[in-house]
Amino acid sequence: MEAIEVTRQDGVVRITLNRPQRKNAINGAMWNELLATFHEIGQSASDRVVVLTGAGGDFCSGADLSGDEAGERPHQLTVMRHVGDVALALHRLPQPTLAKVRGVAVGAGCNMALGCDLIVASDNARFSEIFARRGLSLDFGGSWLLPRRIGLHKAKEMALFAEIYSAADAEAMGLVNRVVPDGELDAFVDDWVAKLLAGPPVAMAQSKRMLDNAMGITFEQALDDESAAQTVNFSTKDTGEAMAAFLEKRPPKFTGR
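Heads up: the sequence shown is residues 124 to 380, going by this note's numbering.
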C-alpha cells in the first residue's frame, strides 16, 4: 500500500490514512487502496471490527486538490463516481466501523468519519464541511449522512457556512459519539473495539443494516425486516450460545455462525 496502512489482529482491521505530510489528504492512490480494502473486508468472515484513523495527528483534510499527481487526470465525473464507489463500499460493510479522529476531519475526511457507524474523537479534533470555501458542494455522501446525523437545519448550517467546529461543538450537536482527552483516545477506542468484538456478528450486521435503511422505509417495512432478521438470528449457533450462556451465567462466545 502506498497511501494507507492496513493491519489485522484478532478480528480487528485497522486502516490508517498515511499521508501525514498532507494531513492525510486523499489522492488517487488512497481512493484506489481504500476501495480495494473495503471490498476485501466486506468479503471476509474473519474481519469482525474496522477502525479507521489517520497518521501523524490528523484524521483527514479531505481530497487532495493540489493537482500535482502525475499522469493525465480523468474527467471530473469519472473521478466523482469513483469517490462515490468508495463511500458506498464503506457504507456497505457489514462489520461495525469506528472512526478514531484526531486533528482535522474536514471535507471528504469529515464525511468519511460520518460514514462510519461510530465516531470517537480526541478533544483536539476539528470538523468542517469545508466545501463551500473551495467553491464546491458536499461529496463523499455528506448530503445523505449529515441530515441523518444532526438534522436538516444543522446540516444546512454546516454546509452553507463551512465553519470549523471544535470537538466539543461536534459532540454537542451529535456529530460524534464521544469526545475524550487525547491521551485517553487509544484506550477508549480499544475498549469499544473489545466490546464490539464480543458481540454477535450476524445479529449486529442486521441491526446495522436496518438502522441505515430506517429513514427510507415505512414502519410496516421495518417490522417485516425485523421479523426476517430475527428468523435468521434464530438459525445461527450464536443465538443458541447466547441462551446457553445466560442459563449458565457466563459471557457468551460468539463466532458469527
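From the three backbone atoms N, C-alpha and C, an ideal C-beta is built for every residue, glycine too.
Query	Result
Cβ distance (whole Å) where Ala-126 is taken to contact Glu-163 below 8 Å	Wrong, their Cβ atoms sit about 16 Å apart, outside the cutoff.
Beta-carbon spacing of Leu-221, Asp-240 below 8 Å	yes
Short Cβ contact (8 Å threshold) for Asn-150 with Gly-177	no
Contacts around Gln-344, its chain only, beta-carbon distance under 7 Å, and the 5 residues preceding and following it disregarded	none
Closest residue to Leu-140 among Gly-297, Ser-184, Val-172 (Cα-Cα distance)	Ser-184
Where Gln-329 falls: helix, strand or coil (DSSP)	helix
Simplified DSSP assignment, three categories, for Ala-228	strand
Inter-residue Cα distance where the pair is Met-124 and Ala-159	11 Å
Assigned secondary structure, Gln-353 (DSSP; H/G/I helix, E/B strand, else coil)	helix
Span of the alpha helix (DSSP H) around Glu-161	According to the sequence as given, residue 161 is Phe; it is not Glu. Its alpha helix (DSSP H) spans residues 151-165.
Same chain, Cβ closer than 7 Å to Asp-208, five either side skipped, listed in chain order	Leu-158
Where Cys-183 sits in the DSSP three-state scheme	strand
Any 3 or more C-beta pairs closer than 8 Å across the segment 307-318 and the segment 256-266	no
Straight-line Cα distance separating Gln-218 from Asp-133	14 Å
Gln-132 - partner residues in DSSP beta bridges	Val-135
Spatially closest choice to Ala-317 from Thr-130, Val-135, Val-129, Glu-128, by CA coordinates	Val-135
Whole-number beta carbon distance between Leu-269 and Ala-255, since they are thought to touch under 8 Å	Contact doesn't hold; Cβ gap of about 13 Å is too wide.
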